[in-house]
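Chemist: Here the sequence shown stands for residues 2 to 397, where the numbers follow my numbering.
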Amino acid sequence: MNTIDTFDFKKKKALIRVDFNVPLNSDYEITDDNRIRAAMPTIKKVLSSGGSVILMSHLGRPKTGYEEKFSLKHLVKHVSKLAGAPVKFASDCMGNVPIEMSENLKPGEILLLENLRFHKEEEKGNEEFAAELASLADVYINDAFGTAHRAHASTAIVAKFFPENKMFGYLIESELKNIDKVLKDFRVPFTAIMGGAKVSDKIGIIENLLEKVNNLIIGGGMTYTFVKAQGGKVGSSIVEEDKLDVALDLIEKAKAKNVNLILPPDNIVADKFDKNASVQETAIDKVPDGWLGLDIGRESINEISEIIRESKTILWNGPMGVFEMEKFEAGTKSVALAIAEATDKGAFSLVGGGDSVSAINKYKLADKVSYVSTGGGAMLEYMEGRELPGIKAIKD
Ligand code: AMP
2 MNTIDTFDFK KKKALIRVDF NVPLNSDYEI TDDNRIRAAM PTIKKVLSSG GSVILMSHLG
62 RPKTGYEEKF SLKHLVKHVS KLAGAPVKFA SDCMGNVPIE MSENLKPGEI LLLENLRFHK
122 EEEKGNEEFA AELASLADVY INDAFGTAHR AHASTAIVAK FFPENKMFGY LIESELKNID
182 KVLKDFRVPF TAIMGGAKVS DKIGIIENLL EKVNNLIIGG GMTYTFVKAQ GGKVGSSIVE
242 EDKLDVALDL IEKAKAKNVN LILPPDNIVA DKFDKNASVQ ETAIDKVPDG WLGLDIGRES
302 INEISEIIRE SKTILWNGPM GVFEMEKFEA GTKSVALAIA EATDKGAFSL VGGGDSVSAI
362 NKYKLADKVS YVSTGGGAML EYMEGRELPG IKAIKD
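See below:
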């Protein structure tokens with residue numbers, strides 16, 4: 002199989018699916034360019050090997066056709082600056098415009114296509130749409146890990162038109178390498194820390210992890226579904242009533258597999274969901290009526306940090322509390338610090354999933370952990386052990 006390192010890009014046009022789904026403010030300025038930066042190694046590799054680049058991406062969730070706020074034209078200048086190369090813009094990804102522009106594209110140049118999702122065929126995985134995209138180039142590179150779990154035209158279907166010349170970009174390559182390091186080549190003790198609001202999003206991944214981890218730490222809002230399922234008093238804390246059985250089942254499975262499942266023993270409770278709420282510390286199963294648990298307590302922090310510091314492989318997904326508010330950030334911040342400490346002592350640590358990534362960035366610890374996944378939903382699905390359409394399409 003060809004890879005980005007073995008393929009000869011000289012005078013070739015590479016169609017690269019990137020994830021340029023970046024946030025823009027009301028003046029259409031990019032407020033976080035991490036996703037664009039993440040695609041640069043692949044883009045630069047093709048350009049420096051004598052090829053030209055055709056970039057395609059989605060941006061936001063347009064409903065029917067063109068919407069100014071979702072136009073990729075707002076990204077042209079910044080992409081050009083980061084790539085250090087001229088960027089041309091095709092005002093539509095279909096029709097004659099991109100065909101003519103790609104015919105005239107010279108080695109060292111970049112052509113950025115307008116938002117794929119201005120055409121409903123993209124998300125439908127339409128074959129003719131994919132074929133037209135494919136006709137623009139000689140080789141296809143998928144470097145959009147964030148959308149690899151979708152069977153869209155540009156992420157999966159298009160690959161079949163490049164039976165020989167299809168490959169992963171550097172971003173997807175490193176995502177897979179690092180996630181596999183956790184899932185397949187882990188060293189023990191292996192500790193997973195799962196937090197965030199809801200258990201329903203994480204059941205699949207927890208089940209898969211129970212096959213591998215030594216310690217499974219539960220935190221955040223999902224804790225209260227486990228606590229209530231065991232008969233504890235959770236007050237007005239967030240609970241998924243229809244998942245109480247699932248929680249009990251996971252507790253049983255952990256026991257059967259000899260996994261140390263850790264629920265926080267104490268928590269910080271608030272009289273309302275507000276940054277100025279009154280707070281107190283209670284046992285996790287004794288939340289007073291009308292109060293809600295919004296962070297783990299001091300005893301929990303000590304116990305959890307200790308386990309993390311002793312671990313050799315660490316996976317963190319989801320905050321321990323409502324870390325967006327100062328009064329409820331201690332748990333999340335302590336976990337981030339403990340992971341950084343363990344990493345410094347030689348552990349391999351992977352942080353993934355939207356909010357834990359925001360947390361690790363908030364505490365400026367992103368470069369103190371081994372890897373921060375850009376994946377979100379794609380990472381969770383991959384960790385559940387599912388095959389991602391965007392990955393399969395390249396491997397088949
Ligand atoms: P998720 O997207 O499922 O990872 O959830 C992340 C969100 O969960 C963050 O915005 C947190 O503020 C929120 N969260 C964490 N702990 C709690 C809690 N105890 N109660 C309510 N929300 C929480």
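Beta carbons: idealized from backbone N, C-alpha and C, even for Gly.
Note that the structure is predicted; figures quoted are calculated from it, not measured.
1. For the ligand AMP, is there a heavy atom less than 7 Å away from the beta-carbon of Val-323?
2. Quick one: what's got a C-beta closer than 6 Å to Gly-196's C-beta in the same chain, skipping five residues either side?
3. Considering Cα atoms alone, identify which of Ser-81, Lys-167, His-59 and Ala-157 is closest to Ile-5.
4. Is Leu-264 close to the ligand AMP? I mean its beta-carbon at under 7 Å from any heavy atom of the ligand.
5. Could you have a look at Arg-18 and say whether DSSP puts it in helix, strand or coil?
6. Which of helix, strand or coil does DSSP assign to Met-195?
7. Taking DSSP's pairing of strands, which residues face Ser-81 in a bridge?
8. Residues in the same chain with beta-carbon distance under 7 Å from His-75, minus the five sequence neighbours each way, listed in chain order, please.
9. Should Leu-16 and Met-41 be called a contact, given that it needs their Cβ atoms to be closer than 8 Å?
10. Closest to Val-270 by C-alpha separation, out of Ile-263, Ala-278 and Leu-264, would be which residue?
11. Select from Asn-216, Val-260, Val-288 and Thr-192 the residue whose C-alpha is nearest the C-alpha of Lys-229.
12. Is Pro-289 close to the ligand AMP? I mean its beta-carbon at under 7 Å from any heavy atom of the ligand.
13. What residue from Ser-335, Ile-239 and Ile-206 has the CA that sits closest to Leu-251's CA?
14. Short check: CB of Ala-157 to CB of Leu-217, under 8 Å?
15. Compare the beta carbon distance of Leu-295 and Val-336 with 8 Å and say whether it is the shorter of the two.
16. Between Gly-52 and Asp-139, what straight-line distance do the alpha-carbon atoms span, to the nearest angstrom?
17. Measure the CB-CB distance between Tyr-372 and Leu-338 and report whether it falls below 8 Å.
18. Go through its chain and collect everything with a Cβ distance to Glu-311's Cβ below 7 Å, but skip five positions before and after it.
19. Considering Cα atoms alone, identify which of Ala-149, Pro-164, Ile-302 and Arg-188 is closest to Tyr-141.
20. Keeping to the same chain, check which residues put their C-beta closer than 8 Å to that of Leu-211; ignore five residues upstream and five downstream.
21. For Phe-274, count neighbouring C-beta atoms within 10 Å of its own C-beta (all shown protein chains included) and say buried if the count is 16 or more, exposed if not.
22. Using the DSSP secondary-structure output, state which residues sit across from Leu-262 in a beta bridge.
23. Can you name the residues that DSSP bridges to Met-57?
24. Under the rule that 16 or more other beta-carbon atoms within 10 Å means buried, what is Met-2, buried or exposed?
25. If we cut at 8 Å on Cβ distances, does Gly-377 have a partner in chain D?
26. If distances are taken between C-alpha atoms only, which option among Val-98, Phe-227 and Ser-237 comes closest to Leu-245?
27. Is Leu-295 close to the ligand AMP? I mean its beta-carbon at under 7 Å from any heavy atom of the ligand.
28. Does the ligand AMP have a heavy atom nearer than 7 Å to the CB of Lys-213?
Modeler: With the structure as the only source:
1. yes
2. Counting only Cβ-Cβ distances below 6 Å, and skipping sequence neighbours, we find Gly-220, Gly-221, Gly-319, Pro-320 and Met-321.
3. Lys-167
4. no
5. The DSSP-derived three-state label of Arg-18 is strand.
6. strand
7. Note: Ser-81 sits in no beta bridge, so no partner.
8. Leu-25 and Tyr-29
9. no
10. Ala-278
11. Val-288
12. no
13. Ile-206
14. no
15. No, the pair does not count as a contact, with Cβ atoms beyond the cut-off.
16. 10 Å
17. no
18. The residues are Pro-190.
19. Pro-164
20. Leu-217, Leu-251, Lys-254, Ala-255, Lys-258 and Val-260
21. exposed
22. Leu-217
23. Arg-18
24. exposed
25. Protein chains in the displayed structure number just one, and chain D is not present.
26. Phe-227
27. yes
28. no
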